[in-house]
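Novice:
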Amino acid sequence: MATPDESSSAKKWLPLEANPDVMNQFLWGLGLSEDEAECYDVYGLDEELLAIVPKPVLAVLFLYPITTQSEEERILQDSTKRETSNKAYFMRQTVGNACGTIGLLHAIGNVTSEIKLVALELWQRLFFSAVILSAHLRDIFDGLVMLFKVLEGVLKGESFGEVPS
């Protein structure tokens, strides 16, 4: 689960509910064909529980609670300079509450050779041309594309989950 850096803590995103039905509607609304991929709950990592997960598995989103310790570790990791690879699609989460949305975009961006996307031209621009952008520009580009798609869904009256109280 990605966490925004301190400079973006004032920016908030409507969180995407950690519910396969909600995530599926979100992905299908973004142009993933309904017969290409679906989200499912994984109830554990035991062999028996993994056996009931539909195959093939293209991506896994790991959800965990943010704690003081996880935040300290994230800050430490962020302070270390790392080399990035253009082989994996990655965008840094720069807005609070967007971890589910960013996780799903990572999942799609890293399996584009395995799935068909309905809005192929949009996705090609998003995932393939973003590789040539600097990391910061990629975050801005990705955020804008994501924002416009969600706004389009809002205008159509679609819902991607409930606002937490």
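Position 43 (the sequence shown) corresponds to 43 in the UniProt record's numbering; numbering is contiguous. Heads up, the beta-carbon is just placed ideally off N, CA and C, and yes, glycines get one too. Just so it is clear, the structure is predicted and the values come from calculations on it, not from any experiment.
1. Hey, quick one: how far does the alpha helix (DSSP H) through valine 22 stretch, first residue to last?
2. Please work out which residues of its chain come closer than 7 Å, Cβ to Cβ, to glutamate 36, disregarding the five sequence neighbours upstream and downstream, and give them in chain order.
3. Just confirm the distance between the C-beta atoms of threonine 101 and leucine 16, as a whole number of angstroms; I'd bet it's less than 8 Å.
4. With DSSP run on the structure shown, which of helix, strand or coil describes leucine 105?
5. What does a CB cutoff of less than 8 Å around valine 111 pick up in its chain, not counting 5 residues either side in sequence?
6. List the endpoints of the continuous alpha helix (DSSP H) containing serine 70.
Specialist: A quick look at the data gives this:
1. Valine 22 -> alpha helix (DSSP H) spans 20 to 29.
2. Ile115, Lys116, listed in sequence order.
3. Right, their Cβ atoms sit about 5 Å apart.
4. Helix, per DSSP.
5. Sequence-distant partners of valine 111 (beyond 5 residues in either direction) whose C-beta falls short of 8 Å from its own C-beta, in its chain, are Ala37, Leu58, Ala59.
6. Start and end: 68 to 79.
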